[in-house]
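Notes for the one structure printed next.
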Amino acid sequence: RRPSIHFRITLQGWESSNYINRAVTYSGDTIVQAGGIKLSTWSTASKAQVANETPTNSMLVVESGAFFDVNGETATFAGVRGEGLVTNSAETAGTFLFNTTNSVLFAPAQVAGRVDVVQKGAGVLTVGTTSLGDGTLYVSNGTAKVTSPTFTAERIVVARGATLDIRGVTLEGVELVVEPGSNIRQDATGAQSYTVAADEDVTYVAGLFASGGTLTKTGSGTATLIGSCAKEAGTVAVREGRVVCKPASTYAGKFFRLNYYGDAAGSTSAGVSFSEFSLYGVSGGRVNCGPYVYRGIGPYSQAAAQEAGIKHLQYGGWDGITDATTLAEYDVAAWRGTSSSYFFSHNEARSPAMVFDGKTSTLLHNTYYWNGSNVIVFRMPADTADVMGFTFTTSVAPTQRPCFWRLEGSFDGATWTMLASNASGVSKQDMIDSTPTTAYTEYNGGVPYLLTNVAWTAGAPFGAAKVSVAAGATLEFESEQLEIAALEVDLAAGAGTITRFTPVENGALYLTNLVAGTTFIGHALSLSVPTVVHADNLKTWKVYVDGTERPDLGVRAGAGTLSVVGSGMLLIFR
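Just so we're aligned, residue 4 is where the sequence shown starts under this note's numbering, counting upward by one.
Below is the structure:
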């Protein structure tokens with residue numbers, strides 16, 4: 004049997020050393036105890052050979068006082084840690100590539116130069132360092148979890164299907180590039196800058212971007228933002244494509260009741276199942292994932308019903324459980340629709356509690372009839388964030404997906420309010436035809452269904468942030484009650500279109516890059532505003548020119564444009 008090799012590299016008094024090997028296969032730790040290692044390739048003819056230069060199964064440990072110089076190449080260790088320095092002396096980026104389903108760690112005490120870290124595998128990469136210097140964290144697959152209280156890098160790029168977990172982390176000067184279909188888990192504070200880079204249509208819960216800093220839209224696609232960013236400062240820049248703002252409501256009740264069943268027109272005994280039912284808050288994250296316990300209110304087998312003396316089981320309608328006052332936090336109860344169906348017990352992988360465990364490998368399954376009325380009720384903790392929408396995550400079998408649902412909420416567990424309903428249903432055949440053939444898929448493409456029976460609060464979806472729309476780009480508000488508090492127009496570069504412009508009272512217009520000789524009396528800005536609501540509010544707006552307030556200037560609307568007006572004679576700026 005071929006033994007594993009463990010060795011320690013000790014460089015006494017050396018400033019650096021070249022570490023060159025065509026096929027490094029040992030699995031023990033690579034320990035730099037003193038001096039340093041400078042990575043080199045044995046051939047510069049093909050970058051494909053770089054993957055062989057470092058031991059994929061070996062942990063790199065850089066001890067205090069030592070260094071490891073990635074030297075513009077790609078290192079493929081199993082992880083990096085230690086109190087020493089990881090650096091890059093080359094002008095091009097040096098890269099640490101992690102491509103494994105196992106959990107890996109990148110936590111050197113010090114990072115200098117442009118050092119990129121790429122999470123390519125399906126596992127979890129824990130980033131424990133406080134800074135990547137001028138480098139970028141690429142989350143191409145799996146999950147990257149940042150654990151340092153503060154984190155600095157040039158940018159973080161999160162690809163489709165990948166997850167970035169920055170809960171409890173303050174990002175300092177980091178630009179987040181969130182690609183379509185990416186997942187961000189955060190409660191971070193501080194000014195964060197985001198770039199939505201999309202050449203296709205994409206939808207986000209706007210609360211994801213709720214911080215100071217910048218939100219920049221690039222790419223030719225349409226980015227739909229649900230709800231409000233509520234930014235207290237910063238900028239929102241629509242550079243390319245289109246941004247659509249959609250209003251959303253929130254609900255603060257902590258009891259929820261979900262009634263669901265399948266296609267009544269379908270004849271099947273496959274039953275009904277789904278792996279996750281997710282409620283989403285205004286910040287864009289899931290709010291009902293936790294240690295839910297199934298208390299078994301309502302029988303989960305015919306035998307249990309008989310033992311409990313229950314002779315009449317409810318069937319059909321939007322009924323089931325009406326009183327949830329006895330549920331404790333994280334309790335879930337279930338009612339099966341017919342005497343021919345049943346739920347699995349609470350310790351089974353197919354029980355009602357499994358729809359809240361965050362795992363698609365477990366699910367809720369109750370057998371037989373599609374046209375039965377099935378109900379689950381759960382209670383969230385009192386400090387849970389308000390709910391604005393929900394999604395189903397379903398199994399691969401189209402015939403088992405619930406096509407009808409009704410979601411209700413309650414503040415006390417006894418009085419219920421209908422929050423959303425799909426009473427008209429979705430035909431089973433339509434679901435089969437339109438659903439991708441993946442192991443698990445989310446209803447509505449992962450975009451939350453919005454609560455439809457709760458009033459939403461109007462206001463400025465971008466808060467006090469300066470909003471700009473570049474030439475050729477479009478910002479669209481779906482309601483005239485969505486307002487703008489601060490508008491920025493580049494006089495030199497021009498501007499695009501805001502389809503429905505509603506100014507708040509006491510807002511501000513910021514004019515930048517003043518062109519010499521610009522005349523401002525009656526000067527129409529290049530920004531197109533085909534519909535202006537509450538135009539009288541513009542009389543209360545202040546005007547700033549290249550950062551300086553101009554009390555002698557005002558702004559008015561007319562003929563689909565905004566015009567700058569003056570209080571005196573003709574004003575010419577030179």
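All C-beta atoms in this analysis are idealised placements derived from N, C-alpha and C, irrespective of residue type, glycine included.
Values in this document were obtained by computation on a predicted structure and should not be read as measured data.
Between residue i and residue j, how many whole angstroms is the CB-CB distance? I'm expecting something under 8 Å.
i, j, result
"Thr505", "Leu478", "The Cβ separation is near 12 Å, so there is no contact."
"Ala240", "Thr219", "5 Å"
"Val65", "Leu100", "That pair is no contact at about 17 Å."
"Asn291", "Phe359", "6 Å"
"Asn377", "Tyr264", "6 Å"
"Leu530", "Ala498", "4 Å"
"Phe154", "Leu128", "With a Cβ gap of about 13 Å, Phe154 and Leu128 do not count as contacting."
"Lys542", "Gly563", "The pair is not a contact, with the Cβ atoms about 19 Å apart (cut-off 8 Å)."
"Leu514", "Tyr547", "7 Å"
"Cys248", "Pro533", "Actually they do not touch by this definition, with Cβ atoms about 16 Å apart."
"Ser106", "Lys123", "With 8 Å as the limit, Ser106 and Lys123 do not qualify as a contact, their Cβ atoms being about 14 Å apart."
"Ala147", "Arg117", "Actually they are not in contact, since the Cβ atoms of Ala147 and Arg117 sit about 18 Å apart, beyond 8 Å."
"Phe277", "Phe395", "5 Å"
"Thr33", "Pro58", "6 Å"
"Val208", "Val285", "7 Å"
Please name the residue or residues paired with residue i in a DSSP beta bridge.
i, result
"Gln36", "BP columns for Gln36 are empty, so no partner."
"Thr500", "Thr477, Ser531"
"Gly550", "DSSP lists no partner for Gly550."
"His368", "Ser276"
"Thr98", "Thr77, Asp119"
"Ala110", "Arg84"
"Ala486", "The identity of residue 486 in the sequence shown is Glu, whereas the question assumes Ala. The partner list for Glu486 (beta bridge, DSSP) is empty, contrary to what the question assumes."
"Glu66", "According to DSSP, Glu66 bridges with nothing at all."
"Ser61", "In DSSP, Ser61 forms no bridge with anything."
"Trp408", "Tyr263"
"Thr173", "Thr153"
"Phe71", "Ile40, Val89"
"Ala147", "Leu128, Leu167"
"Ser281", "Thr394"
"Asp493", "Thr515"
"Lys545", "Ala511"
"Thr444", "Thr397"
With distances taken from CA atoms, which of the options is nearest residue i?
i, options, result
"Ala337", "Ser364, Val535, Leu261, Val290", "Leu261"
"Gly416", "Ile324, Leu367, Trp408", "Ile324"
"Leu253", "Gly392, Ser364, Ala240", "It is Thr, not Leu, that sits at residue 253 in the sequence shown. Out of Gly392, Ser364, Ala240, Gly392 has the C-alpha closest to the C-alpha of Thr253."
"Glu491", "Gly412, Gly288, Leu512", "Leu512"
"Gln36", "Ser43, Ser67, Asn60, Leu42", "Ser67"
"Ser413", "Ala255, Val142, Ala233", "Ala255"
"Ala473", "Leu211, Glu483, Ser281, Arg245", "Arg245"
"Phe70", "Glu94, Asp32, Leu454, Gln113", "Gln113"
"Thr221", "Ile229, Phe258, Ala236, Val180", "Val180"
"Ala156", "Val149, Thr146, Leu140", "Leu140"
"Ser185", "Asp202, Thr206, Ala162", "Ala162"
"Asp539", "Val507, Thr551, Val567", "Val507"
"Ala461", "Glu481, Gly449, Asp168, Thr444", "Glu481"
"Ser134", "Gly126, Gln122, Val149, Asn144", "Val149"
"Arg170", "Leu211, Glu552, Gly237", "Leu211"
"Asn456", "Gly475, Trp419, Gly449", "Trp419"
"Leu63", "Phe109, Asn102, Ser43", "Phe109"
"Ala327", "His368, Ser281, Met383", "Met383"
"Asp202", "Arg553, Phe407, Ala476", "Ala476"
Could you please give the first and the last residue of the uninterrupted beta strand (DSSP E) stretch that includes residue i?
i, result
"Met421", "420-424"
"Cys248", "245-249"
"Phe381", "377-382"
"Gln403", "Per DSSP, Gln403 belongs to no beta strand (DSSP E) and is neither H nor E."
"Arg163", "Premise fails: Arg163 is in no beta strand (DSSP E) and is neither H nor E."
"Ala469", "Note on residue identity: the sequence assigns Lys, not Ala, to residue 469. From DSSP, the beta strand (DSSP E) with Lys469 extends over 469-472."
"Phe359", "Phe359 -> no beta strand (DSSP E), and no H or E assigned at all."
"Ser566", "564-569"
"Thr396", "390-397"
"Arg188", "186-189"
"Asp334", "334-338"
"Ala511", "506-515"
"Leu179", "178-181"
"Thr139", "139-142"
"Ile457", "The question names Ile, yet the displayed sequence has Val at residue 457. Premise fails: Val457 is in no beta strand (DSSP E) and is neither H nor E."
"Ala128", "Correcting the residue identity first, residue 128 is Leu in this sequence and not Ala. Taken as a continuous stretch (DSSP letters only), the beta strand (DSSP E) holding Leu128 covers 127-130."
"Ala579", "It is not possible to answer for residue 579, since the shown part of the chain is limited to 4 through 577."
"Ala560", "556-561"
Could you confirm whether any beta carbon from chain C is found closer than 8 Å to the beta carbon of residue i?
i, result
"Tyr295", "Note that chain C does not occur in the displayed structure, where there is just one protein chain."
CB of residue i to nearest heavy atom of the ligand SAM: below 7 Å?
i, result
"Trp544", "This structure does not include the ligand SAM; it has no bound ligands of any sort."
Problem - Inside the stretch 192-260 only - beta strand (DSSP E) runs reaching at least 3 residues - result: 196-200, 205-208, 217-221, 225-229, 238-241, 245-249
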